[in-house]
Amino acid sequence: MTPPPRQQALTYLRALYDPEAANKCPQRWTWALGRGNISASTVHRQGRRMESVTLAVNGTERSLEVEPRTLLVHALRDELRLTGTNIGCDSSSCGACTVLVNGQSAKSCTMFAVQADGADITTIEGVADADGTMHPMQQAFHEHHALQCGYCTPGMVMAAISLVEEYPELDDQGVRHGLEGNLCRCTGYQNIVNAVLAVAGSGSDGSNQDRE
Ligand code: FES
Ligand code: FES
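Numbering of the sequence shown is given in the working numbering, commencing with residue 1 and proceeding in unit increments.
Quick look at the structure:
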């Protein structure tokens, strides 16, 4: 890219320290970003209205600044670097982004991060024990070969944990109905159902306490 003329450089520098100028001159950010002069998060923050949000994520309180329009899934992935939660559609169709919000499964692309302010969030990174022992649902997915490419798996596991906690006595149809909001593009549904039934049939409600 041809270096900008002096006037452009001055405008850029002013924008860097003046959010108002940045708002009027968004192309300066694009230019600076393209040259690697500033980070994406700097562009994100400068000159835009931000909200403070506090989340208890996997048992740890996390505070972050987000735009009001930031989806919870983007806050988890981009701000907190919890990339186990996947994005499959961004439109609440696939369930790849499923997490637990106050113990209940929720598609994290369907809510804003500010809506989750003060909530307990559990992501796939938070379900195993600190020593690496897998959650019973993770173990069941492993033993029943309930994943192929694995893209749907974090959301599927989180939805299944919530489902078994809510309905410990599940049958085949109950599992299929309960997980109908989670899509597996590899279409490995039978083994997923088998894995969930194994946890449901074990007398475990799928919670961490069942391992103690
Ligand atoms: S990414 Fe959220 S439902 Fe598909
Ligand atoms: S295992 Fe590939 S999308 Fe489900």
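Idealized CB from N, CA, C, for every residue including glycine.
Note that the structure is a prediction, hence the values are computed from the model and not measured.
query: Sequence-distant residues of its chain with Cβ nearer than 8 Å to Tyr-167 (five each side left out); result: Gly-174, Gly-178 and Ala-200
query: Residues that Thr-98 bridges to, as DSSP identifies them; result: Lys-107
query: Best match in Glu-125, Ala-140, Ala-96 and Gly-95 for proximity to Ala-198 [C-alpha to C-alpha]; result: Ala-140
query: Near ligand 2: Cys-109 beta-carbon under 7 Å from a heavy atom; result: no
query: Three CB pairs or more closer than 8 Å across the segment 144-164 and the segment 117-133; result: yes
query: Ligand 2 heavy atom lying under 7 Å from the CB of Arg-185; result: yes
query: Option in Ala-113, Leu-147, Asn-58 and Ser-105 with minimal Cα separation from Asp-78; result: Ala-113
query: Straight-line Cα distance separating Met-111 from Ile-87; result: 13 Å
query: Close-in-space but distant-in-sequence residues of the same chain around Asn-58 (CB under 7 Å, 5 per side omitted); result: Thr-122, Thr-123, Glu-125 and Gly-126
query: Contact test: Ala-96 Cβ vs ligand 1 heavy atom, cutoff 7 Å; result: yes
query: Span of the beta strand (DSSP E), counted from its first residue to its last, around Val-57; result: 51-57
query: Option nearest Ala-195 by Cα separation, candidates His-135, Cys-149 and Cys-89; result: His-135
query: Contact test: Cys-152 Cβ vs ligand 2 heavy atom, cutoff 7 Å; result: yes
query: Ser-108 vs Val-164 beta-carbon contact at 8 Å; result: no
query: heavy atom of ligand 2 below 7 Å from Cys-89 C-beta; result: no
query: Distance cut-off 7 Å: Leu-147 Cβ against heavy atoms of ligand 2; result: yes
query: Contact belief for Gly-188 with Gln-138 at Cβ below 8 Å, rounded distance in angstroms; result: At roughly 16 Å, the Cβ-Cβ gap does not stay under 8 Å, so Gly-188 and Gln-138 are not in contact.
query: Extent of the continuous beta strand (DSSP E) to which Leu-64 belongs; result: 60-66
query: Three-state class that DSSP yields for Asp-78 in the structure shown; result: helix
query: Counted within 10 angstroms of its Cβ, other Cβ atoms place His-144 as buried (16 or more) or exposed; result: buried
query: Given Gly-150 as reference, the closest of Thr-133, Asn-182 and Asp-120 once Cα atoms are compared; result: Asn-182
query: C-alpha distance - Ile-192 paired with Arg-81, whole-angstrom precision; result: 27 Å
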